[in-house]
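Numbering (this note's numbering), first residue to last: -7 to 242. Working notes, structure below.
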Amino acid sequence: MIPISPGRSRRVALAGAVCALLVTGTALTGCSEDPNEGTNGVGRLSADQIQDRAQKAAGSVAAVRLHGTVVTSGRTYTLDMRLKEDGGIGSVTTKGETFRLVRVDDQLYLKAGASFWGHEDGKDDGKADAAAAGKLAEKYVKVPQGDPSYKKFIGFTDKDVLLGGLLTLHGKLATDGHHEQSGVRTIRVTGDEGSGGTLDVSLEGKPYPVRLVRAGKAGTLTFSSWGTDFPVEKPAKDDTLDYGQQLPAS
C-alpha cells in the first residue's frame, strides 16, 4: 500500500469540490465528471435539438403553471396562471391593477378592482358609478366574446396560444452550460448569445422548459407543475354577474 500524504488528500478533495461546483455552473474544465450523467441526456444534444425537445415536451402534457413577467407594447404584465387545454385560472397584474381570470372552455370570467369598473376613458363617472363599481368588484363578470376585454385577456388563459408565442428563441442558438433553477438541474440554450432570449430546460425527467428570459428584455417566466391537473370550474352563481353585451370599462 502506497501511503497518501494529508496534503495530497486535501488537494484531491478540493479538486473534487471545484469540479462539483463547475458541474452546476456553466462549464467543465479539467474535470472527469460528466455533467450529463444521470440526466435525461438532452444536455448532449445540439441547441436546436434541445429547443425542439423542450417545445415537444411542453406540448405533450395538458397542464402547466407559469409565473413571472411579460412585456408587450411597452406594458409589463405580471402573470401567475395555471393552464390546461380546456381552461385556466390565475391572475394578471399591470399598472397596479390585478385581474383575476377564470376560463372554462370559451367562457371567460374577470374579477377586477373598483377602479377598473369605475372609470371610463380615465374619467370618473360620479358617485353612482362608483357605487356600481364597488358591486362589480365583488363579482366575477362574464366577459362577452365580442367585447375588447375578451380579446385582451383570453390569451393569458390559453395554454397553446401563450406557450406557442413564448418558447421560441430568436437568432442563432447555442448551449450555455449546466445550471440549476428552483432546485432542478438544467441545460441553458441562448439565442444570439442571449440577446435573442435564454431557455433553461430540465435535465431531470422530461425536458420541460423551466425558465425563460425573453428576447429584448421582454420579461422572465418560470414554468412548473407540468402535467399536474387542477380543477377549473365556473365561479359560483352568487359570485358571478353576466353584464350583457358590453363591459362598462371596455
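We put the CB at the ideal spot given by N, CA and C, even for glycine.
Is the distance from the Cβ of valine 62 to the Cβ of leucine 71 below 8 Å?
-> Contact annotation: valine 62 and leucine 71 have beta-carbon atoms nearer than 8 Å.
If leucine 204 and threonine 31 are in contact, beta carbons under 8 Å, what's the gap, nearest whole angstrom?
-> About 20 Å; that fails the 8 Å criterion.
Report all residues from its chain with a CB closer than 6 Å to the CB of aspartate 97; omit the five preceding and five following residues, and keep chain order.
-> Sequence-distant Cβ neighbours of aspartate 97 in its own chain, meaning closer than 6 Å and more than five residues away, are Asp78.
Identify the residues that DSSP records as bridge partners of arginine 180: which are they?
-> Per DSSP, Asp192.
From what residue to what residue does the alpha helix (DSSP H) around arginine 45 run?
-> First-last of the alpha helix (DSSP H) with arginine 45: 39 to 51.
At least three beta-carbon pairs within less than 8 Å, the segment 164 to 179 to the segment 91 to 106 = Because the criterion of three Cβ pairs below 8 Å is not met, the segment 164 to 179 and the segment 91 to 106 do not touch.
Go to proline 201, then tell me how far its beta strand (DSSP E) extends in each direction, as first and last residue.
-> Unbroken beta strand (DSSP E) run through proline 201: 201 to 205.
Could I get the ranges of all uninterrupted beta strand (DSSP E) runs contained in the segment 75 to 117, with 3 residues as the minimum, in chain order?
-> Listed in chain order, they are 79 to 86, 89 to 96 and 99 to 103.
Those residues which DSSP pairs with threonine 214 across a bridge | Within the DSSP secondary-structure output, threonine 214 pairs in a beta bridge with His59 and Arg203.
Less than 8 Å between the CB atoms is what I'm expecting for arginine 55 and serine 187, so what's the real figure, rounded?
-> One point to set straight first is that residue 55 is alanine, not arginine, in the sequence displayed. Contact between alanine 55 and serine 187 is absent: CB atoms are separated by about 32 Å, not below the 8 Å threshold.
Could you give the C-beta distance for lysine 131 and aspartate 221, rounded to a whole number, given that I count them as a contact under 8 Å?
-> The Cβ separation is near 27 Å, so there is no contact.
DSSP three-state assignment for alanine 166, whether helix, strand or coil = DSSP places alanine 166 within a strand segment (E or B) once states are collapsed to three.
Closest residue to leucine 155 among Lys226, Leu93 and Lys48 (Cα-Cα distance) | The shortest Cα separation from leucine 155 among Lys226, Leu93 and Lys48 belongs to Lys48.
Can you give me the Cβ contacts of leucine 233 inside the same chain, cut-off strictly under 6 Å, excluding the 5 residues immediately before and after it?
-> Around leucine 233: Lys131 and Val133.
Among Val153, Val94 and Asp150, which has the Cα closest to the Cα of alanine 228?
-> Nearest option by C-alpha distance: Val94.
Helix, strand or coil for lysine 209, going by three-state DSSP, please let me know.
-> If DSSP states are grouped into helix, strand and coil, lysine 209 belongs with the helices.
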